[in-house]
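Q: Encoded as C-alpha cells, here's the structure I'll be asking about.
Chains as they are written, first to last, in the working numbering: chain A, 27 to 290; chain B, 670 to 1242.
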C-alpha cells in the first residue's frame, strides 16, 4: 500500500518541477542573450544603449502562464431514503496547459443528523496527453459514516467525441481492492442559456469491504437529468431527477434534485 | 432588453459625460473637425504619460488606461522625414510599453518588452527616437500584457512630403475598438477555463429541428456528428463577443453615435483603424461606395467597393463622396454578427440615418476546416495564379512537420489559397465586397526578386484548452528566434490549421502579399488569414534586429501565438 501511495505521489513532485521550469524558462535562455549582443555590435550607431535584459523576458505572458479554476458542478438538495441530503461535487485545478494540480471533492451531508454521510477528496496530478484528454494520478481520501479509506487513483478525464464530458478512474487500496468509476455527461443546448444535462455515474467494486461500506458489484450508480439555466455563465440554478441503477438504495426510487452550478 | 442593449443604453445615460470628457480632440464629433484635418499632437518632440485611472463609466467602476489623460489616446500627427523624440512616462503600477504599429524604425524602438527592450518600469521614462521613413495611417498601442484592452491605443497620421495621388476636402480618423467592463485578466481567465462563455449564438435543439426539416434527418445527423466528432463549433467565429464588448468608434458607443460633418459633394478621407483587441469588423456605409486608396498605410490603386472586412490591427484609407445633404451611417458589424460599432456622417450635428440590423451569423464550413473534398476543384484563375509556383523552383522547400500535441486539436488536411475569396461570412452579399486580390500596390514592388527560400509556419490551436501557437509550440516553449539573413528575400507561407481567422502582424518590415500579381503585390503589415487557408507573403529582410511576429488577436498572442524573427548579417543556415 505504501509503495502504491508513493507511486501516486511521484508525478506530483515532477509536476512541481515542471511548473517551476516553465515559469522560469524565460530567464534562462542562453542563445537569445548572445543574439542580443550581436545586435549590440551591429547597431552600435543606434542612439540608445541596449537594455541589458535577456530576450523573452515576457515569455510567461505568451503561453507560459499558470491558471486556476474552481467549479461546483453539482451543489444540490435531494431526498435519499427519506432523508434530506445536500450533495456536492466540485473540482478545481491550478497549473499550466500541460501540467495541473487537480482537486476533486464530492459527498453528501445529512440534514437530520448534521453530519457528513459520505465525503471524499482527491488530489491529483493531471497531465494533458492529447488535445481533449488528461491523464490523472494521485490520492483519494474518504470519510463519513463508515471507516475512512485512502486510495491510489489513476484516471482519465476529458471531452469525448460529440461533446461528452467523461471522467473515468480506478481506485485501489489494500482494504477495498479495486473500484472503477465512470462519469459522463452531455449538455443539450435548448436555448443559449437553457441546458438539459443527462448524466451517468457508475461505480463498480471488485471486492467487498464491509467496514468501508463497499459491496462487490455495482454500487452508488445513477442516471440523472438536470435542467440548468445559466443566469450568467458562472451561475446556473437547476432542477432535475436522479434514478439509481444499482447499489444499496431501492432501484425504483426517483429523486427530485434542485441545486446550483457555479464556477469562477 | 438583452444585456448588450442594456450596456449600450446605460453607457448613454449613466456615463456619457464621464466618458466624453476623456475624449481627445480628434475623437470628438460634431463639427470639431476642420478642413485642415483632424486635430492631433504635432511636432518632433512629445511627452506621453501613461496612467491607469479608475473612474465610473456607465455607473461602473472601470479601470482603464489613459495617455495624457485621454481615452482613446491622443492622435499623433507627424511629418514624413522628421526625426522624432518621444518620452513615455509610466505612471502605472506595472511595466508598460508603446509599440508603433506599422512603423519602420530601429528594432530597439519597436516597443516589445522582452524583444526590443526591457519595457518601461513603473515610474520610469523611456525615450523613443527614430526618423520617419514613411507616410500614411498607423496606430500605436501597448505591447505589455493585456493593457491594450484597457484603452492603451491611439492613432498616428504621418503626412507625406510629396503630394498624395488623390485629393479630398475633409478627413476623419475612424478608430474601431472593443471595450469591456470586465478586467482583461478576467476575460483571459474565462477563455482559458470556459472558452465558449461569450458565445451566445451556438446552435440549439431548435436549430437541429429546423435543419432536419430542411435537409432531412440523415443529412443533419451526419453534419452534426462530423463537427461533434472533432469537437468543433461551427459558430466559433469570435472568442470574445458583444456579450461583454461594447464596440466603439473613436471612443463612442453606438448610442453615443460619433458624428463627422460634411458638405454635400465633398470628398471625405476616412482613416479606418481597427484598434480592437479581439474583433474583426465588416464595414460599410449604406448608400456610399467606398474607394480604398491605402491599405496598412501603403498606397494601392484605387478600388471601389461597398463593404470591406477589416482584421484586427489593419488600417484602410477610404474616400467617400456623399452626394446629398443627408446623413449616412458608418456601420461596423463584428464578424460574428453579435454586435456593432456605429458612427454617422452628416451635414449637421444630431442627424441620423437608418442603422442596419445585424445580419444572421454565418457558420463555419468544411472549407474553413481545411477540408475541401474537391468540390471546389474548378479553382478560379486567380487562385491558380495565386499559387505562384515561380518561387518554388528556386526555393529550398522542405517537408513540413510540426509536433502534434495536446495544443493542436486540428490539422487542415487540404488548406488552400483563399486570398481571392470574400472574407468569412460575406460570401453571399449581393453588393461588392473587397477581397485581397483586388488590392494592387500603386507603385511597382521595390524588390521583385524571386524569394531565395520559403519558410512554412502552421497556425495551430486547441480551442478547448485555449492554446494558440505556431507549429504546435507556444511562444513560451520556443527557445530561439527564427533567423533571417539581412537583405534576403524570403517567402513565408502560412497554413491555418485552426478554424478561426487570424490577423498576422509582422513588426519592422512590410511584406508583399502573394496575390498572384507579378509586380504590384499589396504591401501590408497585417494579413487576415482565413480559416483553412494557405497563403504566402514575401519579405525583404532589410531591417536588422529582433522583430515580433504574432496573431494580433490579443488573447491569442497572450496564449502563445507569437514568434520572433532575428534579421542578422552573415549566412543563415
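A virtual CB, placed ideally from N, CA and C, is assigned to each residue, including glycine.
1) Residue 1038 of chain B and residue 1178 of chain B: beta carbons closer than 7 Å?
2) Check the C-beta distance from residue 809 of chain B over to residue 758 of chain B and give it rounded, since I have them as a contact under 8 Å.
3) Using a Cβ-Cβ cut-off of less than 7 Å, list which residues of the stretch 106-134 of chain A approach chain B; keep chain order.
4) Whole angstroms is fine: what's the gap from residue 799 of chain B's alpha carbon to residue 714 of chain B's?
5) Please report the Cβ distance between residue 801 of chain B and residue 750 of chain B, rounded to the nearest whole angstrom; I am assuming they are in contact, meaning their Cβ atoms lie under 8 Å.
6) Distance check for residue 1218 of chain B and residue 256 of chain A, CA to CA, integer angstroms please.
7) Exposed or buried, residue 816 of chain B, counting other C-beta atoms within 10 Å across all chains shown (16 or more means buried)?
8) Rounded to whole angstroms, what is the Cα-Cα separation between residue 1156 of chain B and residue 948 of chain B?
9) Can you list the residues of chain A that residue 897 of chain B reaches, using a CB-CB cut of under 8 Å?
10) DSSP three-state call for residue 881 of chain B: helix, strand or coil?
11) Who are the neighbours of residue 862 of chain B on chain A, taking C-beta pairs under 7 Å?
12) Could you name the residues that DSSP lists as bridge partners for residue 128 of chain A?
13) Please identify, using Cβ separations under 9 Å, the residues of the stretch 142-165 of chain A that lie next to chain B, in order along the chain.
14) Whole angstroms are fine: how far does the CA of residue 1129 of chain B sit from the CA of residue 282 of chain A?
15) Hey, would you say residue 1221 of chain B sits closer than 7 Å to residue 1172 of chain B, going by beta carbons?
16) Using a Cβ-Cβ cut-off of less than 8 Å, list which residues of the stretch 241-259 of chain A approach chain B; keep chain order.
17) Could you list the residues in the stretch 1213-1227 of chain B with a C-beta less than 9 Å from some C-beta on chain A, going in chain order?
18) Between which two residues does the beta strand (DSSP E) harbouring residue 914 of chain B extend?
19) I need the DSSP call for residue 189 of chain A, collapsed to helix, strand or coil.
20) Against chain B, which members of the stretch 199-218 of chain A pass a CB distance test of less than 7 Å?
21) Could you work out which residue in A:95, A:93, A:104 and A:87 is closest to residue 252 of chain A when comparing CA atoms only?
22) Which of the residues in the stretch 1111-1145 of chain B, read from start to end, lie with their CB under 9 Å from any CB of chain A?
23) Determine the DSSP secondary structure at residue 875 of chain B, reduced to helix, strand or coil.
24) Quick one: list the residues of chain B neighbouring residue 266 of chain A, beta-carbon separation under 9 Å, in chain order.
25) Measure the alpha-carbon distance for residue 119 of chain A versus residue 148 of chain A and round it to whole angstroms.
26) Could you tell me the distance, in whole angstroms, from the CA atom of residue 832 of chain B to the CA atom of residue 804 of chain B?
27) For residue 15 of chain A, which of helix, strand or coil comes out of DSSP?
28) In its own chain, which residues sit with a C-beta less than 6 Å from the C-beta of residue 286 of chain A, not counting the 5 before and 5 after it?
29) How would you list, in chain order, the residues of chain B whose beta-carbon sits under 7 Å from the beta-carbon of residue 99 of chain A?
30) According to DSSP, simplified to helix, strand and coil, what is residue 1042 of chain B?
31) Since residue 249 of chain A is in the beta strand (DSSP E), which residue starts that stretch and which ends it?
32) Alpha carbon to alpha carbon, how far is residue 117 of chain A from residue 191 of chain A? Give it in angstroms, no decimals.
33) How would you call residue 861 of chain B, buried or exposed, if buried means at least 16 neighbouring beta carbons within 10 angstroms?
34) In this structure, does DSSP put residue 828 of chain B in helix, strand or coil?
35) Would you mind reading off the limits of the alpha helix (DSSP H) that contains residue 856 of chain B?
36) For residue 981 of chain B, return the contacting residues in chain A, with the cut-off set at a CB-CB distance below 7 Å.
A: In terms of the structure at hand:
1) no
2) So it is not a contact: roughly 15 Å between Cβ atoms.
3) 123 and 124
4) 11 Å
5) 6 Å
6) 39 Å
7) buried
8) 34 Å
9) 187, 188 and 189
10) helix
11) 93 and 95
12) A:119 and A:150
13) 153, 154, 155, 156, 157, 158, 159 and 160
14) 45 Å
15) yes
16) 259
17) 1213, 1214, 1215, 1219, 1226 and 1227
18) 914-918
19) coil
20) 214, 215, 216, 217 and 218
21) A:104
22) 1131, 1133, 1134, 1135, 1136, 1137, 1138, 1142, 1143, 1144 and 1145
23) helix
24) Within 9 Å Cβ-Cβ: nothing; residue 266 of chain A doesn't reach chain B, min ~17 Å.
25) 11 Å
26) 11 Å
27) Residue coverage of chain A in this structure runs from 27 to 290, which leaves residue 15 of chain A outside it and unanswerable.
28) 101 and 263
29) Chain B residues near residue 99 of chain A: none, gap ~12 Å exceeds 7 Å.
30) Because residue 1042 of chain B sits at a pLDDT of 46, beneath the cut-off of 50, its placement in the model cannot be relied upon, and the point is left open.
31) 248-255
32) 14 Å
33) buried
34) strand
35) 853-862
36) The contacting residues do not exist; residue 981 of chain B stays about 17 Å from chain A at best.
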